[in-house]
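Peer 1: Input: one structure, supplied below.
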Amino acid sequence: MRSFFRTTYRWTIRGMKLAVFGTIVGIVGIIGVLIYAITQGPPSLMTEQNTVFYGTDGEIIGEEQGAEERYWINIEEMPESIKDATLAIEDRRFYNHFGFDVKRIAAAALTDLKQMRMAEGASTITQQYARNLYLSHDKTWKRKLNEALYALRLEIFYNKDEILEGYLNTIYYGHGAYGIEAASRQYFNKHAADLTLTEASMLAGIPKGPTYYSPLANAERAEARQQQILAEMEQNGYITSSEKRAAVEASISYADGEEDDTQEIAPYFQDQVVTEAAQLLEVDRESVQTGGYHIHTTLIEEHQRILEEQVKRNIPGSEEIQVASAVMNSHSGAITALVGGKDYGESPFNRATQAKRSVGSTIKPFLYYAALAEGYSPVTMKETQPIEIEVEGKTEPYIPSNFNNQYAEEPISMAQALAVSDNIYAVKTHMDIGPEKLGKTMKTFGVEETFKPHPSLALGYSSISLFDMVSAYGKMVKGTESIEGHTIAKITDRHGNVLYEYQPAYNKDDAVDRARAFTVTHMMTGMFDPILDADYASVTGTPIKGKLTRMYGGKSGTTDNDSWMIGFSPQYVSGVWVGYDEGSKPLKDFNDHRYAKAIWADTMEKIHETEPTAAFIPPPGVKGVYIDPETGYVAGPNCPQERLVYMEETDIPEDVCGGDESKDVDDEFKDDPWFKDVVDWFF
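In the working numbering, the protein residues as written are 7 to 689.
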């Protein structure tokens, strides 16, 4: 007997020691797990989400997504019914546990032991969320352990509302819809905030088995599941018996499931938005598309509609020729409309941003800007006739020519040369100031191409994108390097935190000179002024002059393969390129050459219908002077014709047209009111 008691005593002591040891090990283990979870830091709640684009009016113009439909909405935007229904059926003690429901775990473990397999789960919402974010859905002990660790980290670093918000935004509801907002749109074609109790209780039952419980796959099973959820909601005090009865009896109407056949708004523009956002956020395009960003663009839908209409109206759909065009705000650089081709469905290649084509004579304004810094003025006179220029390293000379081989028989001014697009004047000026100057000037205006100092550079045989050319013209019109063509005004994350906001950037080391820029800008209005017609050539805007109802400036350009028109008002800059995708294919006929100007004129006129009349304000340092176009002299009372030209006061000619050379030039303008320079822009 003593031996029996002695043995029993020894085993009792050993048992107590083992219990104490086990408790200590358990406590140490729990502390270790907690330390591990804390040191790992907060797990990311980010998942793939649809990125949404907004126009300038705040309306959604498009969305980008990954492989699935995903949206993120704040928990405050979710109706109480979907939150209550989800808690009732999935985890009614969610707000009272620390990520693990011990009662459910014990019951599930007992079932698993009886069946000797993982037959029943007891996952809380936190555990399910951890699984959705980081893990597979395999029923293995290893996955369960990892799930528990992730769930613990979620509970440590986030509050319950944040976890529930994340869960409801990521759980799968079937048919490619992840999250309650996507599910609401998929099943009922409405936002989640507008869900009724009947609809919410139906959706809450789907995640248990997205295929099995989908009302679109099996209405009977889905309705049985819905009634179970409503019963749980009533039993747990989320709804009253009368609310339950009303929800059961209410009819439910599902979306028809047909594809949305509405035309996408500005698809080429949206492609550029994704490209620009990827650069700004320093991520790849896919990360933009699935990052859940809210991107506020510069698109004005009315401008886009007008531009697309004018492209279709002017170029027959049967024509093989392609087009690119953009409209930009002259004050901010915001791109308000963009077309990268005739049909995005047929060809998503964005010719406005991705294609680089020879720009022809549209480069000449930048050449004359450079020349103004080298002692030239708008009335600098040069003879134009056939010339040959020796090129280093070439056996044959470079021989530029004018259109139809027509030349002036007497000197012409820079202002007239620009208006009629005289090539000889441009090449001679280019070589006179130094062929490297134009390339440097293009970089000042934001064009980062490699420009070889060749005589042909003056005639635009370098390839530049339309987007960059429109942006460069914007800098000229505004008179500052800070204007940059852009499609994005602001980017926020899904919580509204601002990640980027457009701000103009100034470059003190290579700034645009306002006085010179204004002088060139005003000279470009000459392409629409018949007073500048020469005996051998008309101003280049003659074909569209009759369409225009207000003051514009601009420059056209033509090569064998490309037709350009870039022009502006005080409010907007617009550019159009027309040509064939095969860069070596020449423009065929008269129509190929007229499309660009026609589209530009019709678009600008339509855009300006609701715009007030505006004027360009001359900056300090330039003076408006009436000049005789034929001689370049100041226009006197007896001069047969005159043209307003802006230049530095030191460049104003001393000679006066009309046989009144003895008169002081300043006398012509001393009585002008201060606002005369501005008023002259309206006429």
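The C-beta atom is built at its ideal place from N, Cα and C for all residues, glycine as well.
From which residue to which residue does the beta strand (DSSP E) around residue 329 run?
Peer 2: Unbroken beta strand (DSSP E) run through residue 329: 328–335.
Peer 1: On the CB-based measure, 16 or more other CB atoms within 10 Å of its CB, does residue 328 come out buried or exposed?
Peer 2: Burial call: buried.
Peer 1: Helix, strand or coil for residue 220, going by three-state DSSP, please let me know.
Peer 2: Residue 220: coil per DSSP, three-state reduction.
Peer 1: Is there contact between the stretch 463–475 and the stretch 360–369, where contact requires at least three CB pairs shorter than 8 Å?
Peer 2: Yes, the stretch 463–475 is in contact with the stretch 360–369.
Peer 1: Look at the alpha carbon of residue 232 and the alpha carbon of residue 210, and state the distance between them as a whole number of angstroms.
Peer 2: Using only the alpha carbons, I get a separation of about 8 Å.
Peer 1: Take residue 540 and list the residues in its own chain whose beta-carbon comes closer than 7 Å to its own, dropping the five residues that flank it on each side.
Peer 2: The answer, listed in chain order, is 414, 418, 422 and 426.
Peer 1: So, helix, strand or coil for residue 591, using DSSP?
Peer 2: Three-state result, residue 591: coil.
Peer 1: Roughly how many angstroms lie between the CA atoms of residue 259 and residue 452, to the nearest whole one?
Peer 2: Distance between the alpha carbons of residue 259 and residue 452 is about 56 Å.
Peer 1: For the alpha helix (DSSP H) that contains residue 78, what are its first and last residues?
Peer 2: Taken as a continuous stretch (DSSP letters only), residue 78 belongs to no alpha helix (DSSP H), as it is neither H nor E.
Peer 1: Going by CA-CA distance only, name the one from 168, 293, 315 and 374 that's closest to residue 445.
Peer 2: It is 374 whose Cα lies nearest to the Cα of residue 445.
Peer 1: Given a threshold of 16 other Cβ atoms within 10 Å of its Cβ, counted over all protein chains shown, does residue 626 qualify as buried or as exposed?
Peer 2: Per the 10 Å Cβ criterion, exposed.
Peer 1: Between the Cα of residue 292 and the Cα atoms of 441, 489, 57 and 570, which residue gives the shortest distance?
Peer 2: If we check each option's Cα against that of residue 292, 57 comes out closest.
Peer 1: Please report the distance separating the alpha-carbon of residue 547 from that of residue 556.
Peer 2: Approximately 13 Å between the Cα atoms of the pair.
Peer 1: Is it right to say residue 571 is buried, meaning 16 or more other beta carbons lie within 10 angstroms of its own, or is it exposed?
Peer 2: Under this definition residue 571 is a buried residue.
Peer 1: Pop quiz: residue 581 and residue 483 are said to be a contact at Cβ under 8 Å. What is the actual Cβ separation, rounded to whole angstroms?
Peer 2: Rounded, the Cβ-Cβ distance is 12 Å, inconsistent with contact.
Peer 1: Assuming residue 304 contacts residue 493 under a Cβ cut-off of 8 Å, what Cβ separation, rounded to an integer in Å, is found between them?
Peer 2: At roughly 6 Å, the Cβ-Cβ gap stays under 8 Å, so residue 304 and residue 493 are in contact.
Peer 1: Check residue 293 in the structure and name its three-state DSSP category.
Peer 2: Note: residue 293 maps to helix in three-state DSSP.
Peer 1: Hey, would you say residue 274 sits closer than 8 Å to residue 335, going by beta carbons?
Peer 2: Against a cut-off of 8 Å, the Cβ pair of residue 335 and residue 274 comes out as no contact.
Peer 1: Using the rule of at least 16 other Cβ atoms within 10 Å of the residue's Cβ for burial, across every protein chain shown, is residue 657 buried or exposed?
Peer 2: With 16 or more Cβ atoms within 10 Å of its Cβ, residue 657 is classed as buried.
Peer 1: Mark residue 623 as exposed unless 16 or more other C-beta atoms lie within 10 angstroms of its C-beta, in which case mark it buried.
Peer 2: With fewer than 16 Cβ atoms within 10 Å of its Cβ, residue 623 is classed as exposed.
Peer 1: What number of angstroms, rounded off, separates the C-alpha of residue 406 from the C-alpha of residue 460?
Peer 2: So the alpha carbons of these two residues sit roughly 12 Å apart.
Peer 1: Compare the C-alpha of residue 6 against each of 457, 428 and 67 and name the closest.
Peer 2: Because the chain here runs from 7 to 689, residue 6 falls outside it and cannot be looked at.
Peer 1: Going by DSSP in three states, residue 66 sits in which element: helix, strand or coil?
Peer 2: Strand at residue 66.
Peer 1: To the nearest angstrom, how far is the alpha carbon of residue 654 from that of residue 631?
Peer 2: For residue 654 and residue 631, the distance between alpha carbons rounds to 10 Å.
Peer 1: Do you know how far the Cα of residue 354 is from the Cα of residue 638?
Peer 2: One C-alpha to the other measures close to 49 Å.
Peer 1: Counting C-beta neighbours from all protein chains within 10 Å, is the total for residue 605 16 or more, i.e. buried, or is it exposed?
Peer 2: That one is buried.
Peer 1: With respect to the beta strand (DSSP E) encompassing residue 561, which residues constitute its N-terminal and C-terminal limits?
Peer 2: From DSSP, the beta strand (DSSP E) with residue 561 extends over 559–564.
Peer 1: Which residue or residues does DSSP assign as beta-bridge partners of residue 300?
Peer 2: Residue 300 is bridged to 58 and 498.
Peer 1: Considering just the uninterrupted stretch of the beta strand (DSSP E) at residue 438, what are its terminal residues?
Peer 2: No beta strand (DSSP E) contains residue 438, which is instead part of the alpha helix (DSSP H) from 429–439.
Peer 1: So is residue 278 buried or exposed if we call it buried at 16+ other beta carbons inside 10 Å?
Peer 2: Buried, since its Cβ has 16 or more Cβ neighbours within 10 Å.
Peer 1: In terms of residues, what are the limits of the alpha helix (DSSP H) holding residue 476?
Peer 2: Taken as a continuous stretch (DSSP letters only), the alpha helix (DSSP H) holding residue 476 covers 472–484.
Peer 1: State the DSSP-derived secondary structure class of residue 492, mapped to helix, strand or coil.
Peer 2: Residue 492 falls in the strand class under three-state DSSP.
Peer 1: Over the uninterrupted alpha helix (DSSP H) stretch that includes residue 693, give me the two end residues.
Peer 2: With the chain running from 7 to 689 in the structure shown, residue 693 is simply not present.
Peer 1: Should residue 212 and residue 88 be called a contact, given that it needs their Cβ atoms to be closer than 8 Å?
Peer 2: Contact: no.
Peer 1: In angstroms, rounded to a whole number, what distance separates the CA positions of residue 225 and residue 95?
Peer 2: C-alpha separation (whole angstroms): 19 Å.
Peer 1: Keeping to the same chain, check which residues put their C-beta closer than 6 Å to that of residue 250; ignore five residues upstream and five downstream.
Peer 2: Hits under 6 Å: 236 and 240.
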